[in-house]
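**Q** Dropping a structure here in structure tokens format, bear with me for questions.
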Amino acid sequence: MDSVCLRRVGRKIAPYAYMILAQIIAASYAVLSKVIFTQGTSTVVFIVYQFSVATIFMAPLAYFVERKSRPPLTFSILCWVFLLALLGATLFQNLFSASLDYISSTTQSAILNLFPAFTYLLSVASRQEAPELNSLRGIGKLSGTIVSVLGAFTMIFWHGNIVELARAKGISANGSIGFLFATVGILSLSTWLVLQEPTVRRYPAELSITAMMYFFGTIQTGVLAAVVSRDASEWKLNWDLELLNIIFGGVLNSGIGIFIFTWCARVKGPLFVAVFAPLTLLLTAIMEAVFLGETMTMGSIVGSLLIVGGLYLFLWAKSKEDDYLEYGDRVTSPLLPSLIP
1 MDSVCLRRVG
11 RKIAPYAYMI
21 LAQIIAASYA
31 VLSKVIFTQG
41 TSTVVFIVYQ
51 FSVATIFMAP
61 LAYFVERKSR
71 PPLTFSILCW
81 VFLLALLGAT
91 LFQNLFSASL
101 DYISSTTQSA
111 ILNLFPAFTY
121 LLSVASRQEA
131 PELNSLRGIG
141 KLSGTIVSVL
151 GAFTMIFWHG
161 NIVELARAKG
171 ISANGSIGFL
181 FATVGILSLS
191 TWLVLQEPTV
201 RRYPAELSIT
211 AMMYFFGTIQ
221 TGVLAAVVSR
231 DASEWKLNWD
241 LELLNIIFGG
251 VLNSGIGIFI
261 FTWCARVKGP
271 LFVAVFAPLT
281 LLLTAIMEAV
291 FLGETMTMGS
301 IVGSLLIVGG
311 LYLFLWAKSK
321 EDDYLEYGDR
331 VTSPLLPSLI
341 P
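Numbered by UniProt numbering, the letters in the sequence shown go through residues 1 to 341 in order.
Shown next, in the form of structure tokens:
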């Protein structure tokens, strides 16, 4: 009986633990990339190498783990995965990286935090999420998403006692291009996430989907790199942090991280995955303070509290929704645990 209860608890907390792990990986990758890209590395070539490593790592893993459970691969599934690669790998990574040529990293980070909002709207439009604004759980999910996004914006723009909007690059003619690149990149990532659930439902093999997605992503980005990076010197690998970040990004960020996203999107829905995105900004700020000597401002502290509070509010509402779906109205859980036995 105890082992059954432990397995049940493990299944319940697994998505939360996996998503926190994915955000730690993403934040570590962001800190490493910040160091790498300031050295003038070609981002398109870097992405080709990273996707190649992800493919090499995920393909044998998918083959051995899912060889007995993997359903037959049809042409329609192959086309569907090709579309996922275009949206979640090629378009997102390349457009988001290219946007830094036109806008500041501050503006880019602000646009990144539209990810939960875009995903919420697309999830509601595709009926994967029900707004349920007439219920406490529906209001909690929406409010938690909004509070987390506001916390992320607070971390970005509030430095000390003033809001530093003036320090971000203005939206000039070139800035508009960067804004468009970043926004389309986030929109394609949100679309990719929403399409994960129907894809995995038709082809329940998350590891294989991830491996095929990065195989197609390598080809797609390779074609792009052949056009924009014709200088052979740009393809030369440096045996330093650049190589380490390619391996780290390919194996952990692109490989394991995207597999976690795919699995959690199937189990908990796309909005559950997206609402953790502001946590990456918080973890990145902490890592930069510890390893790169960056300062933690008042905005970082207040924003961190808002992110954690918003995330808790969303997860509480999500647990209420799960209880309702499993037990109906027989189970209610308090917003704060009772301290009285």
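Beta carbons: idealized from backbone N, C-alpha and C, even for Gly.
Could you check the C-alpha separation between lysine 12 and alanine 317 for me, to the nearest Å?
**A** In a straight line, the C-alpha of lysine 12 is about 15 Å away from that of alanine 317.
**Q** For arginine 266, is the classification buried or exposed, using 16 other Cβ atoms within 10 angstroms of its Cβ as the cut-off for buried?
**A** By the 10 Å Cβ count, arginine 266 comes out buried.
**Q** Roughly how many angstroms separate the alpha carbons of glutamate 132 and glycine 250, rounded to a whole number?
**A** Whole-angstrom Cα-Cα distance: 39 Å.
**Q** Taking all protein chains shown into account, do 16 or more other C-beta atoms lie within 10 angstroms of the C-beta of alanine 166, making it buried, or fewer, making it exposed?
**A** The predicted position of alanine 166 is uncertain, since its pLDDT is 42 and thus under 50; no value can be drawn from it.
**Q** With a threshold of 16 other CB atoms inside 10 Å of the CB of tryptophan 263, please say whether the residue is buried or exposed.
**A** Result: buried.
**Q** Where does tryptophan 239 fall in DSSP's three states?
**A** Three-state result, tryptophan 239: coil.
**Q** Have a look at proline 116 and leucine 311 and give me their C-alpha separation to the nearest angstrom.
**A** So the alpha carbons of these two residues sit roughly 11 Å apart.
**Q** Grab me the residues of aspartate 322's own chain with a C-beta within less than 6 Å of its C-beta, minus the 5 sequence neighbours each way, in chain order.
**A** Nothing meets the Cβ criterion.
**Q** Please confirm whether isoleucine 177 and serine 97 have their CB atoms less than 8 Å apart.
**A** In this structure, serine 97 does not lie closer than 8 Å to isoleucine 177 by Cβ.
**Q** Could you name the residues of the same chain whose beta carbon sits closer than 7 Å to that of arginine 8, not counting the 5 residues immediately before and after it, in chain order?
**A** Excluding residues within five positions, none has a Cβ falling inside 7 Å.
**Q** Classify proline 278: buried if its beta carbon has 16 or more other beta carbons within 10 angstroms, exposed otherwise.
**A** Buried.
**Q** Quick check: the region 75 to 95 against the region 184 to 193, are there 3 or more CB pairs under 8 Å?
**A** These segments touch.
**Q** Applying the 10 Å Cβ sphere with the 16-neighbour rule, what's the burial state of lysine 268?
**A** So lysine 268 ends up on the buried side.
**Q** For isoleucine 186, which residues of its own chain have a beta-carbon under 8 Å away from its beta-carbon, when the five flanking residues on both sides are left out?
**A** Same-chain partners within the cutoff: Phe92, Phe96, Ile111, Leu112, Leu114, Phe115, Phe118.
**Q** Would you kindly work out how many angstroms separate the C-alpha atoms of glutamate 288 and valine 35, rounded to a whole number?
**A** Going by the C-alpha atoms only, they are around 11 Å apart.
**Q** Quick one: using the 10 Å Cβ neighbour count with 16 as the cut-off for buried, is isoleucine 162 buried or exposed?
**A** Note on isoleucine 162: pLDDT 46, under 50, position unreliable in the model; no value is reported.
**Q** Does the distance from the CB of methionine 58 to the CB of threonine 210 come in under 8 Å?
**A** It is a contact, given that the beta carbons lie within the stated cut-off.
**Q** Within the continuous alpha helix (DSSP H) that includes proline 270, where are the two ends?
**A** Here the alpha helix (DSSP H) through proline 270 covers 270 to 274.
**Q** Am I right that serine 99 and alanine 26 are in contact with their C-beta atoms under 8 Å? What's the rounded C-beta distance?
**A** So it is not a contact: roughly 18 Å between Cβ atoms.
**Q** Should phenylalanine 248 and tyrosine 49 be called a contact, given that it needs their Cβ atoms to be closer than 8 Å?
**A** No; because the gap between Cβ atoms is not below 8 Å, this pair is not in contact.
**Q** Output the distance between the C-alpha atoms of isoleucine 340 and isoleucine 139, rounded to the nearest integer angstrom.
**A** Note on isoleucine 340: pLDDT 35, under 50, position unreliable in the model; the coordinate value appears next. Near 27 Å, if we compare the C-alpha coordinates of isoleucine 139 and isoleucine 340.
**Q** Round the Cβ separation of asparagine 245 and serine 52 to the nearest angstrom and send it over; I've been treating them as touching at under 8 Å.
**A** Asparagine 245 to serine 52, Cβ: 14 Å. No contact.
**Q** Going by the CB atoms, is the gap between glutamine 196 and threonine 90 shorter than 8 Å?
**A** It is not a contact, given that the beta carbons lie outside the stated cut-off.
**Q** Under 8 Å between the Cβ atoms of isoleucine 260 and alanine 14?
**A** No.
**Q** Under three-state DSSP, which class holds glutamine 128?
**A** Glutamine 128 falls in the coil class under three-state DSSP.
**Q** Count the other CB atoms within 10 Å of the CB of alanine 125; is the residue buried (16 or more) or exposed (fewer)?
**A** Classification of alanine 125: exposed, given that the 10 Å Cβ count is below 16.
**Q** Mind pulling the beta strand (DSSP E) runs of 3 or more residues that sit fully within the region 76 to 117?
**A** Within the region 76 to 117, no complete beta strand (DSSP E) run reaches 3 residues.
**Q** Can you give the Cα-Cα distance for arginine 202 and serine 300, rounded to whole angstroms?
**A** Taking the straight line from one Cα to the other gives about 42 Å.
**Q** Does DSSP put tyrosine 63 in a helix, a strand or coil?
**A** Helix.
**Q** What does the alpha-carbon distance come out to for the pair threonine 332 and isoleucine 307?
**A** Residue placement at threonine 332 is poorly supported in this model, since its pLDDT is 46, which falls under 50; the coordinates still yield a value, given next. Roughly 25 Å between the two C-alpha positions.
**Q** With DSSP collapsed to three states, give me the class of asparagine 134.
**A** In this structure, asparagine 134 counts as coil in the three-state DSSP scheme.
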